[in-house]
Amino acid sequence: MQILFQRKKFIESDFIKKFSSDNKNSGAIFSFIGKVRPKNQNNNVLSIDIELYEKMAQVQIKKIINKLMKKHLIDDYLVVHRYGRVKPRENIVLIVVASQHRKESFRFGEGLMDWLKVKATFWKKENFANGSEWVNQKEADREFIDFSL
Amino acid sequence: MQILFQRKKFIESDFIKKFSSDNKNSGAIFSFIGKVRPKNQNNNVLSIDIELYEKMAQVQIKKIINKLMKKHLIDDYLVVHRYGRVKPRENIVLIVVASQHRKESFRFGEGLMDWLKVKATFWKKENFANGSEWVNQKEADREFIDFSL
Amino acid sequence: MKILYFAKLKQLIGKSEETICIGQKKKKVSQVINELKKRNDIYNFAFKETNSLQYAVNCEYVDLDFFVTDSDELAIFPPVSGG
Amino acid sequence: MKILYFAKLKQLIGKSEETICIGQKKKKVSQVINELKKRNDIYNFAFKETNSLQYAVNCEYVDLDFFVTDSDELAIFPPVSGG
């Protein structure tokens, strides 16, 4: 049950290995890794800067997790999200979930990712050779969410 | 694009690490690990034996993958499934999927797991202190599937 | 025709495969099963719930009405339980 | 009251936070914004599309009609884009 915001690069498999061994009696381990793609519409992304309102991101992610835990029976979760400067191909976000049966961790992990996209106070700026651009929230990401919950 | 059936134990994080680095331009990496739970309804599971009809499992998984690839745009996948004797807490199955955006790999990975459960020719037998029992296919697993596809 | 048995069915019948001859005419899977059941009590018991078993010919799922010939590989097994 | 700005809004306004005094009465977020807009062209431009911004008081999302006091922390930012 851990939420980490860090500047430092991380290797997803180190976290997944430890998480799986910490949850050795769980039948199902879900994980999702989000990485920086090296191109955005044919422009080379040199780096991205991720801004964070840390206090609020903690509050929001905990709220989301509490809501999802009432709906889906899981054993454990881990969220890692980077901020600061991140290079193409590096990991931005990692979500790992352990449960007894697979559907619980799928629903929890996917739901957490969906909510994080529209509630967690991170902002991405993409840096190109000829300037920088703030990344807009995707319309599609708002459509996955049932905001009445 | 790999499907491995193996007797040998495997460490999920080794596969995930290599897969993620092989797909370094993908924005999303999904993974699912299925492990042997040490108990089934309060009975200690000493081991499970997994029987495999290998030729048919290959055919069926490839069919499922072809079907899912027509629906979801992904960059790569990996399926690892053990057979033979497997101990509690060891990994049985690993599915890893790479895509540009997260929803594609979620839908592909979850769909592949759903179909695998009802089409791939593996059978589990649980060994207890006082005997063995073949594992029945779960009703619920048939309900996730749209067999008309 | 080669017949393969798996899992509990293999255990009940006591072998993983056997070859039978169905001659020049093609037969339905259900006819093949009925002939096997006539052999002895073991087969009769193993196949007593044909609807709870699954059938595959040359690695594709089929139903009991599917026609087979001597060159096919018929596999019979309980519903799969991998993953 | 402390006001925090993030991302593009912070860039437009040129600072990440400031403290304003709204006195003893509570005010709506929209009133606070309107007062900020009167300051100069920079604020006026930064807040020209209030509906495309998001508002949080003490780490909870609120809308423009929410009432704030001097002891609150108001954060204003474009829709988030993490993950």
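Chains as they are written, first to last, in the working numbering: chain A, 494 to 642; chain B, 494 to 642; chain C, -14 to 68; chain D, -14 to 68. Positions of the beta carbon are idealized from the N, C-alpha and C atoms, including for glycine.
Through-space distance from residue j to residue i, alpha-carbon basis
i	j	result
Cys44 of chain C	Lys22 of chain C	23 Å
Gln593 of chain B	Arg530 of chain A	8 Å
Ser625 of chain B	Tyr40 of chain D	60 Å
Lys10 of chain C	Gln16 of chain C	12 Å
Gly577 of chain A	Leu561 of chain A	28 Å
Glu2 of chain D	Leu49 of chain D	19 Å
Glu58 of chain C	Lys501 of chain B	28 Å
Pro581 of chain B	Gly527 of chain B	11 Å
Ile7 of chain C	Ile18 of chain C	12 Å
Val42 of chain D	Thr4 of chain D	14 Å
Leu566 of chain A	Asp639 of chain B	25 Å
Leu497 of chain B	Val65 of chain D	40 Å
Asn516 of chain B	Lys510 of chain B	10 Å
Trp616 of chain B	Pro63 of chain C	8 Å
Ile(-12) of chain C	Ser56 of chain C	11 Å
Lys555 of chain A	Phe(-9) of chain D	21 Å
Ile557 of chain A	Glu603 of chain A	12 Å
Ala462 of chain A	Val590 of chain A	This structure cannot speak to residue 462 of chain A, because chain A is shown only from 494 to 642.
Ile61 of chain C	Asn533 of chain B	27 Å
His574 of chain A	Asp569 of chain B	24 Å
Asn537 of chain B	Val579 of chain B	14 Å
Gly68 of chain D	Phe523 of chain A	17 Å
Met(-14) of chain C	Asp542 of chain B	28 Å
Lys548 of chain B	Phe51 of chain C	20 Å
Tyr546 of chain A	Gln495 of chain A	18 Å
Lys631 of chain A	Phe599 of chain A	22 Å
Glu597 of chain A	Lys33 of chain D	44 Å
Thr35 of chain D	Arg24 of chain D	16 Å
Glu583 of chain A	Lys610 of chain B	33 Å
Phe503 of chain B	Asn559 of chain B	26 Å
Asn29 of chain D	Asn518 of chain B	41 Å
Ala633 of chain A	Leu(-3) of chain C	54 Å
Phe637 of chain B	Gln499 of chain A	38 Å
Proximal residues of chain D, C-beta to C-beta of residue i below 7 Å
i	result
Gln630 of chain A	Pro64, Val65 and Ser66
Leu609 of chain A	Gly67 and Gly68
Lys580 of chain A	Under the 7 Å cutoff, chain D gives no residues; its nearest Cβ is about 17 Å from Lys580 of chain A.
His574 of chain A	Gly67
Chain B contact residues for residue i, given Cβ-Cβ distances below 7 Å
i	result
Glu603 of chain A	Phe599
Chain-ordered chain D contacts of residue i [CB-CB under 8 Å]
i	result
Phe615 of chain A	Val65, Ser66, Gly67 and Gly68
Val586 of chain A	Gly67 and Gly68
Lys612 of chain A	Tyr46 and Val65
Cβ-Cβ separation, residue j to residue i (assumed contact under 8 Å), whole Å
i	j	result
Ser506 of chain B	Asn620 of chain B	Wrong, their Cβ atoms sit about 27 Å apart, outside the cutoff.
Trp627 of chain B	Lys618 of chain B	5 Å
Lys12 of chain D	Val47 of chain D	Not quite, the Cβ-Cβ distance comes to about 13 Å (not below 8 Å), so this is no contact.
Phe508 of chain B	Leu571 of chain B	6 Å
Phe525 of chain A	Ile585 of chain A	Not confirmed; about 11 Å, so no contact.
Within chain A, the residues that residue i reaches when beta carbons sit closer than 7 Å
i	result
Met606 of chain B	Arg595
Phe523 of chain B	Phe525
Contacts of residue i in chain B (Cβ-Cβ under 8 Å)
i	result
Ser592 of chain A	Within chain B, no residue comes near Ser592 of chain A; the closest Cβ sits about 11 Å away, beyond 8 Å.
Lys0 of chain C	Per Cβ cutoff of 8 Å: no residues; Lys0 of chain C is ~14 Å from chain B at best.
Phe(-9) of chain C	Glu544, Tyr546, Thr614 and Trp616
Buried or exposed by the 16-neighbour rule on C-beta atoms within 10 Å, applied to residue i
i	result
Arg635 of chain B	exposed
Gln553 of chain A	buried
Gly520 of chain A	buried
Thr614 of chain B	buried
Asn623 of chain B	exposed
Asn629 of chain A	exposed
Phe601 of chain A	buried
Gly(-1) of chain D	exposed
Ile27 of chain D	exposed
Arg595 of chain A	buried
Lys(-5) of chain D	buried
Ser513 of chain A	buried
Ala31 of chain D	buried
Ser37 of chain C	exposed
Glu544 of chain A	buried
Lys612 of chain B	buried
Per-residue contacts from residue i into chain A (C-beta, under 9 Å)
i	result
Arg635 of chain B	Result: empty, since nearest Cβ-Cβ is about 13 Å, beyond 9 Å.
Within chain A, the residues that residue i reaches when beta carbons sit closer than 8 Å
i	result
Gly520 of chain B	Gly527, Lys528, Val529 and Arg530
Handout entry: Contact set between the segment 541 to 553 of chain B and chain C, restricted to residues whose Cβ is under 9 Å from the partner
Key = Ile543, Glu544, Leu545, Tyr546, Lys548, Met549, Ala550, Gln551, Val552 and Gln553
Exercise for the section: Give the residues from the segment 495 to 518 of chain B that approach chain A closer than 8 Å (Cβ to any Cβ), ordered along the chain. Expected result: Ile504, Glu505, Ser506, Asp507, Ile509, Lys510, Ser513, Lys517 and Asn518
Exercise for the section: Compile a chain-ordered list of the residues in the segment 4 to 35 of chain C whose CB is closer than 7 Å to at least one CB of chain B. Expected result: none
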